[in-house]
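For reference, the structure discussed in these notes is given below.
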Amino acid sequence: MRSEKSRPSAFWILAGLILPVMNLAARYEIIDAHKFPRSGAFVFSPNHYSEIDPVVMGVVAWKLGRLPRFLAKASVFEIPIIGAVLRKSGQIPVQRGGSVRGSEPVKAAQRLAEKGQIVVVYPEGSLTRDPDLWPMRGKTGAVRIALEQGIPIVPAAHWGSQHLMERYSKKISLFPRKTITVKIGDPIDLAQFRGRSLDTATLNEATAVVMLAITALLEDLRGEKAPAKRWNPAEHNQRETGRFEA
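Heads up, the final residue of the sequence shown is numbered 267 in my numbering, and it's a clean run with no missing numbers.
Here it is in structure tokens:
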């Protein structure tokens with residue numbers, strides 16, 4: 022089966038610009054790569070703790086033969102040239118805070134599902150506020166898309182990107198070369214939620230299942246146990262978007 026990336030697309034432009042730099046800056050160790058579906062639609066949901074995470078996970082998806090479509094900040098689409106390439110490659114603009122409540126992101130995700138493509142959604146919605154970079158409380162966008170479109174969620178965790186770009190930093194540390202380790206999880210079984218009303222309680226319950234899976238993968242990578250209670254920005258007087266002081 023030919024991989025998606027073998028067909029000419031705007032991704033070739035992105036790959037030509039990004040891959041040389043990212044391969045120079047880091048080596049990628051991908052654990053359980055066989056769990057990453059090589060065909061068909063799914064929601065790919067990693068942890069999120071560095072501004073460079075989308076680039077890192079985009080490189081990983083490309084290396085595994087898939088073309089990553091992200092829910093990306095709408096403001097990025099206003100940048101000349103970059104915005105045009107993002108639109109051409111099928112990236113999905115969302116409003117500040119990672120909201121997917123508007124009709125356009127949902128419609129875009131539906132189109133991806135109908136075409137058997139993947140969409141990358143960070144359940145946390147923004148960079149984790151947890152001081153030790155553990156996944157924080159999740160938002161419901163990823164499970165809403167998965168349940169509405171009837172497609173699986175594949176969780177993932179990565180560790181090492183913080184050495185390439187610290188949280189909220191705008192500077193990339195190219196040297197020495199870093200190692201970024203990625204672990205792909207089993208598709209999450211959402212069968213117990215299908216057929217139920219997609220109300221707040223159902224979506225929050227399903228999101229908790231996803232966050233547990235992502236956190237378990239990260240625990241394996243770090244060789245540590247995450248805090249028993251997941252970080253909730255509201256309980257620490259933190260905004261859920263923008264920069265903050267740890």
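Heads up, the beta-carbon is just placed ideally off N, CA and C, and yes, glycines get one too.
It should be emphasised that the depicted structure is a prediction, and the values quoted were computed from it without experimental measurement.
- Message: With H, G and I counted as helix, E and B as strand and the rest as coil, what does DSSP make of Phe91?
- Response: strand
- Is DSSP giving Gly119 helix, strand or coil here? At Gly119, the pLDDT of 44 sits below 50, so the modelled position is not reliable; the number obtained from the coordinates is stated separately. Reduced to three states, the DSSP call for Gly119 is coil.
- Query: Are the beta-carbon atoms belonging to Ile113 and Met186 less than 8 Å from one another?
  - Reply: no
- Task: With a cut-off of 8 Å on the beta carbons, I'd call Gly79 and Arg59 a contact; round off their distance for me.
- Result: Contact doesn't hold; Cβ gap of about 17 Å is too wide.
- Selected residue, minimal CA-CA separation from Ala62, among Arg217, Arg150, Glu145, Leu168: Leu168
- Message: Spatial neighbours of Leu219 within its chain, please: C-beta separation below 8 Å, excluding the five flanking residues on both sides.
- Response: Arg165, Leu168, Glu169
- Given Glu99 as reference, the closest of Met157, Arg108, Arg198 once Cα atoms are compared: Arg108
- Message: For Ile139, report the span of its alpha helix (DSSP H) as first-last.
- Response: Counting along the chain, Ile139 falls outside any alpha helix (DSSP H), though it belongs to the beta strand (DSSP E) covering 139-141.
- Other residues of its chain near Ala134: CB distance less than 7 Å, five sequence neighbours each side excluded: Ala62, Gln170, Ile172
- Query: Given Gly137, which residues of its chain have a CB within under 8 Å of its CB, disregarding the five upstream and five downstream residues?
  - Reply: Ser60, Gly61, Ala62
- Query: Distance, Cα to Cα, Ala31 vs Ile39?
  - Reply: 13 Å
- State the Cα-Cα distance for the pair Gln213 and His69, rounded to the nearest angstrom. 26 Å
- Item | Residues near Pro89 in its chain [Cβ-Cβ closer than 6 Å; skip 5 each side] | Gly79, Ala82, Val141
- Based on the DSSP secondary-structure assignment, which residues constitute the bridge partners of Pro67? Ala177
- Item | Segments assigned beta strand (DSSP E), at least 3 residues, entirely inside the segment 39-68 | 47-52, 63-67
- Contact check, Pro254 vs Trp155 under 8 Å by CB: the rounded distance? The pair is not a contact, with the Cβ atoms about 13 Å apart (cut-off 8 Å).
- Query: Can you name the start and end residues of the beta strand (DSSP E) that Ile201 belongs to?
  - Reply: 199-205
- CA-to-CA distance, Ile52 to Leu239, given in whole angstroms: 12 Å
- Query: Where does Pro248 fall in DSSP's three states?
  - Reply: coil
- Query: Expressed to the nearest angstrom, what Euclidean distance is found between the alpha-carbon atoms of Arg150 and Trp252?
  - Reply: 7 Å
- Message: Is the beta carbon of Gly159 closer than 8 Å to that of Met232?
- Response: yes
- Which residues in the same chain have their Cβ closer than 7 Å to the Cβ of Lys199, if we skip the five residues on either side of it in sequence? Ala46, Ala47, Gly181, His184, Leu185
- Item | Outcome for His179 when other beta-carbon atoms lying within 10 angstroms are tallied against a minimum of 16 | buried
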